[in-house]
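Numbering (full-length UniProt numbering), first residue to last: 1 to 332.
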């Protein structure tokens with residue numbers, strides 16, 4: 001059981017009614033709170049919840065339409081995303097309780113101050129290195145317009161400017177990260193066919209690929225619903241059409257790809273996770289055509305070349321700058 005869930009269950013009587021659990025972990029919390037429902041924006045956790053608790057958790061960037069008498073937000077990493085989620089929940093809870101739970105090292109005490117916009121926050125519990133806070137929503141805000149919270153910026157690329165639209169919580173929100181900037185300089189001579197942007201974020205790479213290779217089919221894949229929505233906005237802002245899908249890892253990707261391109265993340269919340277990237281490297285060959293290609297940018301301290309060569313083929317370093325390397329490999 002996730003320690004945040006354990007803290008909630010210490011006060012289980014508060015959540016016995018129609019409670020919305022926003023950003024909940026994929027543990028047994030819904031089983032312990034039979035009147036509760038979930039709202040998730042992580043495709044992997046949603047799939048696990050749907051498998052165990054059919055019909056009791058919704059995936060997406062907006063709260064479920066059905067009513068609820070209380071809501072719990074599991075603190076996300078991004079302050080801007082926390083702002084949006086708290087406002088979206090508080091808008092539906094006039095006169096009713098809104099709870100916030102999170103780990104101390106994730107900044108729960110700082111985040112609890114954001115509850116003051118709706119009433120007087122109070123700490124209910126502290127255990128398992130986590131805290132649980134509550135506010136009675138006395139000042140319910142208007143429902144927030146998520147697209148109005150998007151940040152837009154233009155990239156000056158060789159074939160013209162590209163408009164990028166990123167939503168709160170998306171990787172490198174409102175700016176181009178160093179790794180993606182390096183990879184964008186090394187997209188030449190990709191094999192024709194079906195291109196995949198793995199871990200697409202705001203869609204910078206996928207949109208660039210579609211514009212540069214207009215005759216290729218391009219798919220953008222991310223585990224996060226806010227990233228998927230951002231990628232669709234980026235494509236639309238540039239008059240481009242491509243497939244955008246949500247899924248947890250390379251297992252969700254199509255087969256028969258001509259190329260997989262990625263600036264894979266290795267952080268999830270306050271924790272460091274390499275699993276998605278390592279699975280990508282282990283399974284890329286299963287998703288690539290025999291003449292296909294993996295092109296990846298990563299922090300140079302990450303020891304990916306041996307893993308690439310073990311599961312794919314000879315690994316070539318195309319570029320190195322600012323602590324990042326671009327690798328290229330093809331199936332044996």
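Glycine included, C-beta positions come from ideal geometry on N, C-alpha and C.
Where residue i falls, given that 16 or more other Cβ within 10 Å makes a residue buried
| i | result |
| --- | --- |
| residue 301 | exposed |
| residue 120 | exposed |
| residue 156 | exposed |
| residue 314 | exposed |
| residue 330 | buried |
| residue 129 | exposed |
| residue 295 | buried |
| residue 207 | buried |
| residue 66 | exposed |
| residue 142 | exposed |
| residue 264 | buried |
| residue 104 | exposed |
Contact check, residue i vs residue j, beta carbons under 8 Å
| i | j | result |
| --- | --- | --- |
| residue 237 | residue 170 | no |
| residue 328 | residue 298 | no |
| residue 197 | residue 205 | yes |
| residue 276 | residue 247 | no |
| residue 194 | residue 240 | no |
| residue 176 | residue 200 | no |
| residue 98 | residue 118 | yes |
| residue 53 | residue 33 | no |
| residue 281 | residue 304 | yes |
| residue 212 | residue 154 | no |
| residue 242 | residue 235 | yes |
| residue 144 | residue 87 | yes |
| residue 111 | residue 100 | yes |
| residue 259 | residue 293 | yes |
Residue(s) in a DSSP beta bridge with residue i
| i | result |
| --- | --- |
| residue 319 | 326 |
| residue 280 | According to DSSP, residue 280 bridges with nothing at all. |
| residue 123 | 133 |
| residue 287 | In the DSSP output, where bridge partners are listed per residue, residue 287 has none listed. |
| residue 178 | Bridge partners of residue 178: none, in fact. |
| residue 204 | According to DSSP, which records beta bridges pairwise, residue 204 is partnered with nothing at all. |
| residue 152 | 165 |
| residue 297 | 326 |
| residue 160 | 157 |
| residue 260 | 196, 294 |
| residue 39 | 22, 58 |
| residue 217 | 194 |
Chain D within 8 Å of residue i, Cβ atoms only
| i | result |
| --- | --- |
| residue 168 | The chain inventory of the structure shown lacks chain D, comprising one protein chain alone. |
- Message: Does the segment 131–139 come into contact with the segment 182–194, if we say contact requires no fewer than three beta-carbon pairs (one atom in each stretch) closer than 8 Å?
- Response: no
- Query: Three or more beta-carbon pairs under 8 Å between the segment 41–49 and the segment 224–239, yes or no?
  - Reply: yes
- Message: With a threshold of 8 Å, are at least 3 pairs of Cβ atoms found where one atom belongs to the segment 17–33 and the other to the segment 56–76?
- Response: yes
- Message: Please give the ranges of any alpha helix (DSSP H) in the segment 50–106, keeping only runs that are unbroken, at least 4 residues long and fully inside the region.
- Response: 79–90
- Task: Could you pull out every unbroken beta strand (DSSP E) segment of at least 3 residues lying fully inside the segment 219–246, listed in chain order?
- Result: 243–246
- Item | Contact the segment 122–131 vs the segment 90–97: 3+ CB pairs below 8 Å | no
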